[in-house]
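Below is one structure; the comments refer to it alone.
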Amino acid sequence: MREHDLSGGAEVLARTDLVARLALRHHTLSPEASATLINVSENATYRVDDPATGRRSILRVHRLGYHSEQAIASELDWLEALREEAGVRTPRVIRSAAGTRILAIDGAGGERRHCVMFEHLPGAEPSEDRLVEDFERLGALTARMHRHARGWRRPPGFHRFHWDYDAALGAESRWGRWQDAVGVHGEAAAVLARLDAELRRRLAAFGRGSDRYGLIHADLRLANLLVEGASTPHVIDFDDCGFGWYLYDLGAALSFIEHHPQVPEMIDSWLRGYRAVLPLGKEEEREIWTFILFRRLLLVAWIGTHSAVDIARELGAGYTEGSCELAERYLAGSL
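Residue numbers (the UniProt record's numbering): 1 to 335.
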C-alpha cells in the first residue's frame with residue numbers, strides 16, 4: 001500500500017490548501033469566503049466561512065487514489081437516500097454553481113483531486129459521561145441504517161469497496177499491514193499473529209449471509225456523530241462506507257475506546273437500541289468481540305501508515321501494546 005498522500009508534511013498540505021481555494025471558486029460564494037483546515041485523515045476537511053452571508057459549510061478534499069469518482073458518487077447516493085427515505089440526518093451535498101456534486105480540481109504538479117461540499121450540521125461529538133445512554137440511541141440508529149441498506153435498490157453503477165478479511169487484514173490490507181505497524185515486534189508480533197489467525201477463522205465460520213453482511217457506514221466512531229440534546233445523532237463522513245459485516249459498525253463505534261471500563265455496558269446499551277429496530281441473534285452477539293478486535297487490529301495498521309494524523313501520532317506504540325492485552329484476553333475467552 002502506498003504511503004498516505006497527506007503524510008508528506010507542509011508541502012503536500014500547501015498543495016491541498018490550493019485545491020481547496022480553487023474549489024471555492026466553483027461555488028456560489030463571495031470573494032471573501034475562506035477555507036480553514038480542520039482535520040486530516042484519509043482526506044483533508046475544511047470549514048468554509050462566507051462572511052458576506054454568514055453561512056458555514058464543509059469542504060472535503062479527497063485523498064489521491066483512494067476512491068474513484070464513481071465510488072464517491074455512490075457514497076453520496078446512499079447518504080442522500082438515508083436522509084430522504086430512512087429519516088437519518090446526514091449532511092446535504094451542496095452542489096457547485098454548475099450543478100455538480102463532485103468537483104475535479106487540477107492543482108499544483110498536475111494533481112487532480114476530487115472535492116465535495118457539504119452543509120455544516122449542528123451538534124457536538126458525544127461526551128464521555130453519556131456514552132452508555134448515547135450507545136442505545138446509536139444502536140437504534142445503526143439498525144435503521146442497516147434496515148434501509150437491506151431494502152434499498154442501489155442505483156446502476158453503484159460501487160463501494162469491501163471491508164472483509166482480505167481487504168482489511170489480508171492480501172489487500174487497505175490501510176497497510178499490521179505487521180509493519182509501530183511497536184509490532186517480538187512478543188507483540190507473536191500475540192497479534194495469533195489474533196489474526198483466530199479472527200480469520202471465526203470470520204470465515206461466521207459467514208457472509210445477507211442477514212449478516214451488507215452495506216455499512218464502516219466508521220461510526222464518536223467523531224463521526226453529532227449530538228444535539230436528546231435527539232438522535234446526526235451521522236457524518238461516509239467516506240469509508242462499503243460492504244462489510246453489520247456488526248463491524250459496532251466495532252467501529254468503539255474505535256480507540258475499546259479499553260474503556262464501561263464498554264460492556266455500552267455494548268448492552270447498543271444491543272437494546274438495535275433490537276428495538278431489528279432482530280439480532282445470540283450467535284451474532286457471541287461474536288461481538290470478534291468484530292471489536294477485527295477493527296482494533298485494522299487500526300493498529302492504520303496508525304502505522306497515518307503518522308501525520310494527530311490521533312495516530314498520539315496513540316503510537318501504546319495502542320499496539322493495549323491491543324496485545326485485549327488480544328490475550330480475547331484468545332483466552334475472558335472478554
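Just so you know, even glycine gets a beta-carbon here, dropped at the ideal spot from N, CA and C. For clarity, every value in this text was computed on a predicted model and none was experimentally measured.
Check: Please classify Gly139 as buried or exposed, where buried requires at least 16 other C-beta atoms within 10 Å of its C-beta.; Outcome: buried
Check: On the criterion of 16 or more Cβ atoms from any shown chain inside 10 Å, does Ser41 qualify as buried, or is it exposed?; Outcome: buried
Check: Can you find at least 3 beta carbon pairs, one from the segment 95-108 and one from the segment 160-167, that sit closer than 8 Å?; Outcome: no
Check: Around the C-beta of His260, are 16 or more other C-beta atoms found within 10 angstroms, so that it is buried, or is it exposed?; Outcome: exposed
Check: Taking the beta carbon of Ile72 as the centre, do at least 16 other beta carbons fall within 10 Å, making it buried, or is it exposed?; Outcome: buried
Check: How would you write the range of the alpha helix (DSSP H) that Gly214 sits in, first residue to last?; Outcome: No alpha helix (DSSP H) contains Gly214, which is instead part of the beta strand (DSSP E) from Tyr213 to Ile216.
Check: In the DSSP output, what is Thr36 paired with across the bridge?; Outcome: Arg47
Check: State the CB to CB distance for the pair Ser255 and Arg295, rounded to an integer number of angstroms; the pair is presumed to be in contact (CB under 8 Å).; Outcome: 6 Å
Check: Can you tell me where the beta strand (DSSP E) with Val116 in it begins and where it stops?; Outcome: Arg112 to Glu119
Check: Apply the 10 Å Cβ neighbour rule to Glu265 and answer buried if 16 or more other Cβ atoms are within range, or exposed otherwise.; Outcome: exposed
Check: Compare the C-alpha of Asn43 against each of Thr28, Thr100, Asp240 and Leu271 and name the closest.; Outcome: Asp240
Check: Tell me whether Pro31 is buried or exposed, calling it buried when 16 or more other Cβ atoms sit within 10 Å of its Cβ.; Outcome: exposed
Check: With 8 Å as the threshold, decide whether the Cβ of Pro126 is near any Cβ in chain C.; Outcome: Considering every chain present, this structure includes no chain C. It has just one protein chain.
Check: Confirm, please, whether the CB-CB distance from Ile288 to Leu250 is below 8 Å.; Outcome: yes
Check: Of all the options Thr36, Ala205, Val191 and Asp211, which has the alpha carbon lying nearest to the alpha carbon of Gly322?; Outcome: Val191
Check: For Ala35, which residues of its own chain have a beta-carbon under 7 Å away from its beta-carbon, when the five flanking residues on both sides are left out?; Outcome: Ala20, Arg21, Leu24, Tyr46, Val48 and Leu59
Check: If you check the beta carbons only, do Glu228 and Pro122 fall under 8 Å apart?; Outcome: yes
Check: Can you give, in chain order, each stretch of the alpha helix (DSSP H) that sits fully within the segment 232-301 and has at least 4 residues?; Outcome: 248-253, 263-275 and 282-286
Check: Let's see if you can read the secondary structure: which residues bound the beta strand (DSSP E) around Asp106?; Outcome: Leu103 to Asp106
Check: How many whole angstroms separate the CB atoms of Ser57 and His120, which I take to be in contact at a CB cut-off of 8 Å?; Outcome: 5 Å
Check: Going by CA-CA distance only, name the one from Arg201, Ala301, Ser334 and Leu335 that's closest to Gly183.; Outcome: Ala301
Check: Buried or exposed: which applies to Glu187, given that a residue is buried once 16 or more other Cβ atoms fall within 10 Å of its Cβ?; Outcome: exposed
Check: Helix, strand or coil: how does DSSP classify Glu3 here?; Outcome: Its pLDDT being 40, under 50, Glu3 is placed unreliably in this model, and the value from its coordinates should be taken loosely. Note: Glu3 maps to coil in three-state DSSP.
Check: List the whole-angstrom C-beta distance separating Ile303 from Ala181, where the pair is believed to meet the contact cut-off of C-beta under 8 Å.; Outcome: 6 Å
Check: Ignore the nearest five residues each way along the sequence and tell me which others in Trp178's own chain have a CB closer than 8 Å to its CB.; Outcome: Leu169, Val184, Leu192, Asp196, Leu297, Leu298, Val300, Ala301 and Gly304
Check: Let me check understanding here. Comparing Cα to Cα, which of Ala124, Gly87 and Gly99 lies closest to Leu222?; Outcome: Ala124
Check: Rounded to the nearest angstrom, how far is the Cβ of Tyr246 from that of Arg200, given a contact under 8 Å?; Outcome: That pair is no contact at about 19 Å.
Check: Could you compute how far the alpha carbon of Val88 sits from the alpha carbon of Leu315?; Outcome: 32 Å
Check: Is DSSP giving Ser57 helix, strand or coil here?; Outcome: strand
Check: Whole beta strand (DSSP E) runs in the segment 149-224 with 3 or more residues, listed along the chain?; Outcome: 213-216
Check: Ser96 to Thr53, Cα distance in whole Å?; Outcome: 17 Å
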